[in-house]
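One line per chain: the protein sequences are D and R, in this order.
Start counting the first sequence at 5; every next residue gets the next number (the numbering used here).
Start counting the second sequence at 5; every next residue gets the next number (the numbering used here).
Protein chains: 2
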Amino acid sequence: MSEINLGDLRQQIDVLDEKWITILAERFRVTHEVGVYKATQGIDPIDPQRESAQMEKIAMLAEENGLAPDLAKGILRLIIDAVVSNHQEIAASLSNPDNS
Amino acid sequence: MSEINLGDLRQQIDVLDEKWITILAERFRVTHEVGVYKATQGIDPIDPQRESAQMEKIAMLAEENGLAPDLAKGILRLIIDAVVSNHQEIAASLSNPDNS
């Protein structure tokens with residue numbers, strides 16, 4: 005067994021942090037498009053059915069990958085709250101273009 | 005401009021969700037090694053200096069990638085809390101091997 009080197013492990017963590025940030029930024033670019041679509045179609049930004057399906061799916065994915073499902077759901081909760089708030093802003097700016 | 009297709013966008017989101025779950029699972033495998041190292045060396049699981057450096061770095065990375073820094077910090081908070089709790093469990097099981 006090779007010796008554990010704290011510096012090496014922290015470097016691995018930093019690389020992984022950069023990766024999840026990049027992926028979540030990409031995810032927000034996609035959900036922004038969803039927000040524009042929903043706003044132009046007059047669809048409610050909040051979709052409890054889709055949301056609960058996403059929560060179930062993320063918990064299952066976490067379980068499969070050995071990540072604590074409650075942590076994954078907690079993170080998805082923060083993400084969805086930010087997405088809904090962004091969608092509400094998009095809808096508001098479309099209905100009141102002068103305020104944008 | 006091509007027409008927005010909600011199904012396509014949601015499929016992209018699902019792929020990205022799978023990616024961040026995989027990355028965070030990998031991150032926990034690395035921090036678990038850090039926990040074992042710290043426990044065997046008698047190093048405190050909580051490292052406020054490292055933590056505040058990580059928070060600053062994640063906020064900067066988020067900013068650079070167009071992700072809300074507060075959201076990134078909120079997610080990192082959940083991750084660090086789970087990591088610290090895992091490190092405390094590792095330390096406890098090493099000092100009381102009969103309870104493991």
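Glycine included, C-beta positions come from ideal geometry on N, C-alpha and C.
Since the structure is predicted, the reported quantities are computational estimates derived from the model, not experimental observations.
*Indicate whether at least one CB of chain D lies closer than 8 Å to the CB of Leu-98 (chain R).*
The count along the second sequence starts at 1 and reaches residue 98 (chain R) at position 94. Judged by the 8 Å Cβ criterion, Leu-98 (chain R) is not in contact with chain D.
*Rounded to whole angstroms, what's the CA-CA distance from Pro-49 (chain R) to Ser-97 (chain D)? Just pull it up for me.*
Residue numbering aside, residue 49 (chain R) sits at position 45 when the second sequence is read from its first letter. Residue numbering aside, residue 97 (chain D) sits at position 93 when the first sequence is read from its first letter. Roughly 46 Å separates the two Cα atoms.
_Anticipated Cβ contact below 8 Å, Leu-65 (chain D) with Asp-21 (chain R), distance rounded_ = Taking the first residue of the first sequence as position 1, residue 65 (chain D) is located at position 61. Taking the first residue of the second sequence as position 1, residue 21 (chain R) is located at position 17. The beta-carbon distance between Leu-65 (chain D) and Asp-21 (chain R), rounded to whole angstroms, is 7 Å. This is short enough to meet the 8 Å contact definition.
_If you reduce the DSSP assignment to three classes, tell me which class Gly-46 (chain D) lands in._
Looking up residue 46 (chain D) in the first sequence gives position 42. In the structure shown, Gly-46 (chain D) adopts coil according to DSSP, grouped into three states.
*Closer than 7 Å, Cβ to Cβ, to anything on chain R: give me those residues from the region 44–73 of chain D, in chain order.*
From the region 44–73 of chain D, only Ile-62, Leu-65, Ala-66, Asn-69, Gly-70, Leu-71, Ala-72 have a Cβ closer than 7 Å to chain R.
*Below 8 Å, can you find three or more Cβ-Cβ pairs linking the region 88–95 of chain D to the region 29–36 of chain R?*
Proximity of the region 88–95 of chain D to the region 29–36 of chain R falls short of the contact definition, fewer than three beta-carbon pairs being nearer than 8 Å.
*chain D beta carbons: is any one of them nearer than 8 Å to that of Ala-86 (chain R)?*
Your numbering for residue 86 (chain R) matches position 82 in the second sequence. Output row for Ala-86 (chain R): interface = yes.
*Does any C-beta atom of chain R lie closer than 8 Å to the C-beta of Ile-25 (chain D)?*
For this step, residue 25 (chain D) is matched to residue 21 along the first sequence. Interface residue, yes.
_Between the alpha carbons of Ile-79 (chain R) and Asp-85 (chain D), how many angstroms are there, rounded?_
To locate residue 79 (chain R), count along the second sequence from 1; it is residue 75. To locate residue 85 (chain D), count along the first sequence from 1; it is residue 81. About 12 Å.
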